[in-house]
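> I'd like to ask some things about the structure below.
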Amino acid sequence: MAWLKNKKQLDNILMGGAILLLVVLLPVGIWAANSVNGLLTSGYTYAQQENTTAFYVGPILDGLDAEYRFASVNGTTIVEETPVWDEVSEWDSVTITHTGTDCSMYFNWNVTLADLLASRDYTFRMKFNSSKALDVTINAVKFDGVTLTSVELFTGSVENESSELSWTWKPMDLLEPKTTLNKEITDESYLQIILEGGDTAKLTTGDTVQFQFALGEPDNLYTFTSGGILTTTAVFGGLSFFVLGMASTSAWNPLTNGPLHGYGQKGLARARKSYGKNKNTRKRRK
Amino acid sequence: MDTLTIGFLIVTVLVGGGAFALFSSRTGAAPGILKTLGISSAAGILGGVASIFTDAYAFITACAFGELAFSGYLFVIGLAVMVGIWVWNGIQDYSKDRPITFVD
Numbered sequence: 005m006a007w008l009k010n011k012k013q014l015d016n017i018l019m020g021g022a023i024l025l026l027v028v029l030l031p032v033g034i035w036a037a038n039s040v041n042g043l044l045t046s047g048y049t050y051a052q053q054e055n056t057t058a059f060y061v062g063p064i065l066d067g068l069d070a071e072y073r074f075a076s077v078n079g080t081t082i083v084e085e086t087p088v089w090d091e092v093s094e095w096d097s098v099t100i101t102h103t104g105t106d107c108s109m110y111f112n113w114n115v116t117l118a119d120l121l122a123s124r125d126y127t128f129r130m131k132f133n134s135s136k137a138l139d140v141t142i143n144a145v146k147f148d149g150v151t152l153t154s155v156e157l158f159t160g161s162v163e164n165e166s167s168e169l170s171w172t173w174k175p176m177d178l179l180e181p182k183t184t185l186n187k188e189i190t191d192e193s194y195l196q197i198i199l200e201g202g203d204t205a206k207l208t209t210g211d212t213v214q215f216q217f218a219l220g221e222p223d224n225l226y227t228f229t230s231g232g233i234l235t236t237t238a239v240f241g242g243l244s245f246f247v248l249g250m251a252s253t254s255a256w257n258p259l260t261n262g263p264l265h266g267y268g269q270k271g272l273a274r275a276r277k278s279y280g281k282n283k284n285t286r287k288r289r290k
Numbered sequence: 010m011d012t013l014t015i016g017f018l019i020v021t022v023l024v025g026g027g028a029f030a031l032f033s034s035r036t037g038a039a040p041g042i043l044k045t046l047g048i049s050s051a052a053g054i055l056g057g058v059a060s061i062f063t064d065a066y067a068f069i070t071a072c073a074f075g076e077l078a079f080s081g082y083l084f085v086i087g088l089a090v091m092v093g094i095w096v097w098n099g100i101q102d103y104s105k106d107r108p109i110t111f112v113d
């Protein structure tokens, strides 16, 4: 490298590269890894979530520990609802029996953030056929036996006719709320799908909502689990940082005295000499 | 003053101070620390903003909290080793009264 004049110049290049790695490559690398599932996706193969076992029996609201799979809620008044499963048409339906004038429908979905991270599913498709427009919210929920904590994952809305809505996630969309919830082993955990009347038309007694919920896995060969993408990124990132850290030391700096250029021993000798000098200086000071 | 204005002023002072330090101190032992502070401030602010927009901060936090188990700890330890060596190099340079560099 004739254009390089001295060690200082080499060190400055390495230092610039290292800072660039932290400032640009670290965020960009994580962004790229996080985008892998979106980049690889073409179409999806869907698995229908259409019987009671797909739904969890757990608390609906914080402070009220009565447990339901499905319930309509008006304020803090909760009424259990019973959906009708239609395996043929795949349109399951629930009719609200709650007498409140502004009801919300709660579905405790038997899936956790950890399940989604460990799966190859990248999307959750919701189809609705309702007499009223709907606002849809999906929350991640943790119940520690006393307090119910929830983190919002998705919001959307559909018209008052047959409509489709999809929540498609990136790995960090799952990992970040999982970190926030900080679930202990003994805590219950599940997702909650909440339907509310959109606009001014609120859900009330007699309103019927037909629904289809399905998890979607990309139908290509290159499908990774969301958790796998993140752990792979972490392993490669951690090893790269470690190597760059070593490269920043006088003994292993690859651009100057590092072993890659056959100068490892020279670097170590110099380090030892420097250490010896310092030791002598300290002795003299004493 | 509201929090946003105070935050904006702090960022302005940091960037301004960093830029001044970067361009006003090219050589010598004493300005060396200013140069390092300049580079660190500018890089830290740029990296911080980039991290917020790209989930990097959330990723590092999740790794530190053990959400990715061994892989996450490896990531955080690797990062800590690199930054630790840089800080160590900086301290060595400062104690030997020479311009501070991250790479020794």
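Respectively, the protein sequence lines represent chains A and B. The first sequence maps to residues 5 to 290 in my numbering. The second sequence maps to residues 10 to 113 in my numbering. Using N, Cα and C, we set each Cβ at its ideal position, and we do this for glycine too.
The alpha helix (DSSP H) that contains Lys181 of chain A, what's its start and end?
In the sequence on display, residue 181 of chain A carries Pro and not Lys. Its alpha helix (DSSP H) spans residues Pro175 to Leu185.
> At 7 Å on the CB atoms, spell out the chain B contacts of Ile34 of chain A, in chain order.
Per Cβ cutoff of 7 Å: Thr63, Asp64, Ala65 and Phe68.
> Are three or more beta carbon pairs between the stretch 222-239 of chain A and the stretch 71-78 of chain A nearer than 8 Å?
Cβ pair count under 8 Å is below three, so no.
> Got a sec: which bits of the stretch 225-241 of chain A sit with their beta carbon under 7 Å from any beta carbon on chain B, in order along the chain?
Cβ contacts with chain B: Leu234, Thr235, Ala238, Val239 and Gly241.
> When you compare the CB of Val96 of chain B with every CB in chain A, is at least one pair closer than 8 Å?
With 8 Å as the cut-off, Val96 of chain B does not count as an interface residue toward chain A.
> Is Ser230 of chain A buried or exposed, if buried means 16 or more other CB atoms sit within 10 Å of its CB?
Result: buried.
> So with CB distances below 7 Å, who are the chain A contacts of Ser60 of chain B?
Per Cβ cutoff of 7 Å: Pro31.
> Are there 16 or more other CB atoms within 10 angstroms of the CB of Ile15 of chain B, so buried, or fewer, so exposed?
Ile15 of chain B is exposed by the Cβ-count criterion.
> Excluding the 5 residues preceding and the 5 following Ile34 of chain A in the sequence, name in chain order all residues of the same chain whose CB lies nearer than 7 Å to its CB.
Excluding positions up to five away in sequence, the list reads Thr237.
> Is Phe245 of chain A close to chain B? Criterion is C-beta to C-beta, closer than 8 Å.
Interface residue, yes.
> Which residues bound the alpha helix (DSSP H) around Ser80 of chain B?
Taken as a continuous stretch (DSSP letters only), the alpha helix (DSSP H) holding Ser80 of chain B covers Ala78 to Ser104.
> Kindly give me the distance between the Cβ atoms of Met130 of chain A and Phe217 of chain A, rounded to whole angstroms, as I take these residues to be in contact under 8 Å.
The pair is a contact, with the Cβ atoms about 6 Å apart (cut-off 8 Å).
> Between Gly81 of chain B and Leu243 of chain A, what straight-line distance do the alpha-carbon atoms span, to the nearest angstrom?
Their Cα atoms are separated by approximately 11 Å.
> Since Val213 of chain A and Val98 of chain A should fall inside the 8 Å C-beta cutoff, what is the C-beta to C-beta distance between them, to a whole number of angstroms?
Right, the Cβ-Cβ distance comes to about 6 Å (below 8 Å), so this counts as a contact.
> Does the Cβ of Gly79 of chain A have 16 or more other Cβ atoms within 10 Å, making it buried, or fewer, making it exposed?
Under this definition Gly79 of chain A is an exposed residue.
> Could you name the residues of the same chain whose beta carbon sits closer than 6 Å to that of Arg35 of chain B, not counting the 5 residues immediately before and after it, in chain order?
Residue confidence for Arg35 of chain B is low, a pLDDT of 46 falling below 50, so the modelled location carries little weight; the figure read from the coordinates is stated next. Excluding sequence neighbours, Arg35 of chain B sits near nothing in its chain.
> Taking 8 Å as the CB-CB cut-off, is Leu83 of chain B touching chain A?
With 8 Å as the cut-off, Leu83 of chain B counts as an interface residue toward chain A.
> I think Ser154 of chain A touches Val145 of chain A, with their Cβ atoms under 8 Å apart; what is that distance to the nearest whole Å?
Sure, about 5 Å apart at Cβ, within 8 Å.
> What residue does the alpha helix (DSSP H) around Gly220 of chain A start on, and which one ends it?
Premise fails: Gly220 of chain A lies in the beta strand (DSSP E), Thr212 to Pro222, not in any alpha helix (DSSP H).
> Using the rule of at least 16 other Cβ atoms within 10 Å of the residue's Cβ for burial, across every protein chain shown, is Met5 of chain A buried or exposed?
Below a pLDDT of 50, predicted positions are generally treated as unreliable, and Met5 of chain A, at 49, falls in that range; no measurement from the model is reported.
> With a CB to CB cut of under 7 Å and the five nearest residues on each side skipped, what residues in its chain are close to Leu185 of chain A?
So the list reads Ala144, Lys146, Thr153 and Val155, once near-sequence residues are dropped.
> Here's a check: name, in chain order, each residue in its chain whose Cβ is nearer than 7 Å to the Cβ of Thr110 of chain B, leaving out the five neighbours to either side.
Here the set comprises Asn98 and Asp102.
> Kindly identify the DSSP beta-bridge partner or partners of Arg129 of chain A.
A:Ser170 and A:Ala218.
> Quick check on this structure: which residue in A:Thr101, A:Glu91 and A:Glu180 has the alpha carbon closest to the alpha carbon of Met109 of chain A?
When only C-alpha atoms are compared, the closest one is A:Thr101.
> Would you kindly check if the distance between the Cβ of Glu76 of chain B and the Cβ of Lys182 of chain A is under 8 Å?
Contact: yes.
> So, Tyr226 of chain A versus Thr172 of chain A, is the Cβ gap smaller than 8 Å?
Taking 8 Å as the Cβ cut-off, Tyr226 of chain A and Thr172 of chain A do not qualify as a contacting pair.
> With 16 as the cutoff for other CB atoms within 10 Å, does Cys93 of chain A come out buried or exposed?
Here residue 93 of chain A is Ser; the residue named in the question, Cys, does not match the sequence. Under this definition Ser93 of chain A is an exposed residue.
> I want to verify the contact list: residues of chain A whose CB lies under 7 Å from the CB of Ser80 of chain B, in sequence order.
Chain A residues near Ser80 of chain B: Thr235, Ala238 and Val239.
> Count Cβ pairs between the stretch 103-121 of chain A and the stretch 195-207 of chain A that sit closer than 8 Å; are there 3 or more?
Yes, the stretch 103-121 of chain A touches the stretch 195-207 of chain A.
> Which residues of chain B have a Cβ atom closer than 9 Å to the Cβ of Asn38 of chain A, listed in chain order?
Correct list: Thr63, Asp64 and Phe68.
> In terms of residue numbering, what span does the alpha helix (DSSP H) encompassing Gly38 of chain A cover?
Here residue 38 of chain A turns out to be Asn, not Gly, going by the sequence shown. Start and end: Leu30 to Asn38.
> Could you tell me which of A:Asp223, A:Ser161, A:Phe132 and A:Asp119 sits nearest to Leu178 of chain A, measuring between CA atoms?
Of A:Asp223, A:Ser161, A:Phe132 and A:Asp119, the residue nearest in Cα terms is A:Asp119.
> Rounded to a whole number of angstroms, what is the C-alpha to C-alpha distance between Val83 of chain A and Asp223 of chain A?
The alpha-carbon atoms of Val83 of chain A and Asp223 of chain A are separated by roughly 40 Å.
> Ignoring anything shorter than 4 residues, give me the alpha helix (DSSP H) runs that lie fully in the stretch 77-139 of chain A, in order along the chain.
List check, alpha helix (DSSP H) in window: 117-122.
> Could you work out which residue in A:Val32, A:Thr151 and A:Tyr48 is closest to Thr63 of chain B when comparing CA atoms only?
The option with the nearest alpha carbon to Thr63 of chain B is A:Val32.
> Whole angstroms are fine: how far does the CA of Ala89 of chain B sit from the CA of Ser104 of chain B?
In a straight line, the C-alpha of Ser104 of chain B is about 22 Å away from that of Ala89 of chain B.
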